[in-house]
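S.K.:
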Amino acid sequence: MSEISTTDSPPEVAPAQPVDKSTAATRGWLVPAIIGSALMMQTLNATVLSNALPTMARELGEDPLRLNLAITMYLLAAAVFLPISGWAADKFGARRIFMAAMVLYALSSAACGFANSLTELVVARLFQGAAGAMMAPVGRLVLLRTTPKNELVGAMSVLTMPALLGPVLGPPVGGFVVTFWDWRWIFFINLPIAAIGVLLVARFVPNVAVQNAPRLDWLGMILTGFGLAGVIFGFENLGRDILPFPLVLALFLGGFAALGLYAWHARRTPHAILDLSLFRLQTFQASIVGGAFMRIAMGATPFMLAMLLQIGFGMTALQAGLLTFVSAAGALIMKTTAPPILRRFGFRQVLVVNAVITGLFFMAYALFKPTTPHWIIMVVLLAGGFFRSLQFTSLNGLAYADIEQDRMSRASTMSSMAQQLVQSIGIGLAAMLIHLFTRLAGQAELTAATVSPAFLVIGALTFVSLFFYVRLPDDAGDEMNSRGRMARP
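If you use the working numbering, the sequence shown corresponds to residues -3 to 485, in order.
1. With a cut-off of 8 Å, do at least 3 Cβ pairs link the segment 418 to 437 to the segment 93 to 102?
2. Return the CA-CA distance between S(-2) and A253, expressed in angstroms with no decimal places.
3. Give the range of the alpha helix (DSSP H) segment to which L462 is assigned.
4. What would DSSP say about D396, mapped onto helix, strand or coil?
5. Taking the straight line between their C-alpha atoms, what separation do you get for L319 and S385?
6. Contact defined as beta carbons within less than 8 Å: I believe S283 pairs with L394. What is the distance between those atoms, to the nearest angstrom?
7. Quick test of the definition: if touching needs 3 or more C-beta pairs under 8 Å, does the segment 341 to 359 touch the segment 298 to 311?
8. Among the candidates I337, V134, E55 and L255, whose CA atom is the shortest distance from the CA of W179?
9. Helix, strand or coil for H261? Go by DSSP, reduced to three states.
10. Does the beta-carbon of V352, which I'm using as the reference point, lie nearer than 7 Å to any heavy atom of the ligand NAD?
11. Please report how far the alpha carbon of F451 lies from the alpha carbon of A444, in whole angstroms.
12. Going by CA-CA distance only, name the one from F123, E441 and A66 that's closest to L78.
13. Rounded to the nearest angstrom, what separates T220 and A302 at their Cα positions?
14. Quick one: residues in its chain with C-beta nearer than 7 Å to the C-beta of G287, no 5 flanking neighbours on either side, listed in chain order?
15. Mapping DSSP to helix, strand and coil, what is Q439?
16. Does DSSP put K87 in a helix, a strand or coil?
17. Going by the CB atoms, is the gap between V375 and A360 shorter than 8 Å?
18. Alpha carbons only, please: which of R291, A84 and L243 is nearest the one belonging to Q387?
19. Look at the alpha carbon of I307 and the alpha carbon of L442, and state the distance between them as a whole number of angstroms.
20. Label N186 either buried or exposed according to how many other C-beta atoms from any shown protein chain fall within 10 Å of its C-beta, with 16 as the threshold for buried.
21. Please tell me whether F358 and A293 are closer than 8 Å, where the distance is taken between their beta carbons.
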């Protein structure tokens, strides 16, 4: 990866607009909390929608497997629009794009709620995916440009706390809405969140517009859009027997070919839409490439837990949701402890030790049995969520340790795109593993015994990330958590 480059120097941009005197008051917890609350719309909507799909399919007169298009089309739209989010923020101003994305997300959510057919729902989800692709990386960019590096880990922790409420609230809320209410309200609940969010962003979040943004790389946008769409759609259908295998293979081949052409194009194009030279930075490479193996497991685990608890153990969606939400609760608890842990031990030591702990917890889910007491399952999920969240908080902070301000937008875009891609890979890999173990067992339908081994494989895969973490210098990222200054007399 380090041999790939786009240009010898980053694009020239004008300095960010001066931050007014209100910045000191809003820096700290308020700005990241506001941005995180906006991102909560996405995490809440994603987790609620998964529980609501069977009910939605029944009321729309569709097969539940076909309604999975509502999730897949969102991922496809997000993949296409993610690469241009950084350019749009530089061109028009990060705060302006963030607010526009929130409004579009709310309007498309309303359109999803009013949909009366699968076609209408898919079209609305395409717009929702485009808005979501602009919202997450641009919101993170606003934070990156208004927060000193030594405060960034704490700010990132605050940013993700509201967003983590989505996975905490999503399973029980989704089960409640579809059981006692109307499924359309899973989309309508985004409207008041968006309205309040836009007002708070306009009032408290500083404007960080950048002048003289480079010309948009249209060819790069097309190549990355087709490439990411092909790979994501291929992994979404891998092992699910929805599309014929030759078509799935064609999606992979076309997607990887387009991404390969982009890598060739990027070496020869100044201001390419994705700055591949970022991977020359060891901290960025460790966060994105090494962290990918952790994020694959994160993308796979909710899907596999749903299969294990609902199909393997025979629980209802509401019962499973009330059991698994503690994993996100553990992640929420961790957010207040991450900054002092990183200051005490440093990024390298935390990532190496915690990678082993996190991988073992992923593998421990394979030990769950129908007779396992629910309180033991909840304790394991709670502790696993805690350590998993510590790992991702560390990875998210490390990614920007050596990034200069004029490359923050490109780094934020690349980070968001990588997370979108590898989490989709995780879901596809999980489906393929479960399908494989079911066939090896000679069974026609999956059971708890055919789901459990997939946790062992996914958990073992996370240990590959250690190769990237052990190579980091001991002082990697110290500027992010003030550890270097604390060590000096």
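In this text, a Cβ means the ideal position worked out from N, Cα and C, and glycines have one as well.
M.R.: Inspection of the coordinates gives the following:
1. no
2. Below a pLDDT of 50, predicted positions are generally treated as unreliable, and S(-2), at 32, falls in that range; the measurement from the model is reported next regardless. Going from the Cα of S(-2) to the Cα of A253 covers about 20 Å.
3. L462 to Y465
4. The sequence as given places Tyr at residue 396; Asp does not occur at that position. Of the three classes helix, strand and coil, the one that applies to Y396 here is coil, per DSSP.
5. 18 Å
6. 5 Å
7. no
8. E55
9. helix
10. Absence of the ligand NAD is noted for the structure shown, with no ligands found whatsoever.
11. 11 Å
12. F123
13. 32 Å
14. L391 and S461
15. coil
16. helix
17. no
18. R291
19. 8 Å
20. buried
21. yes
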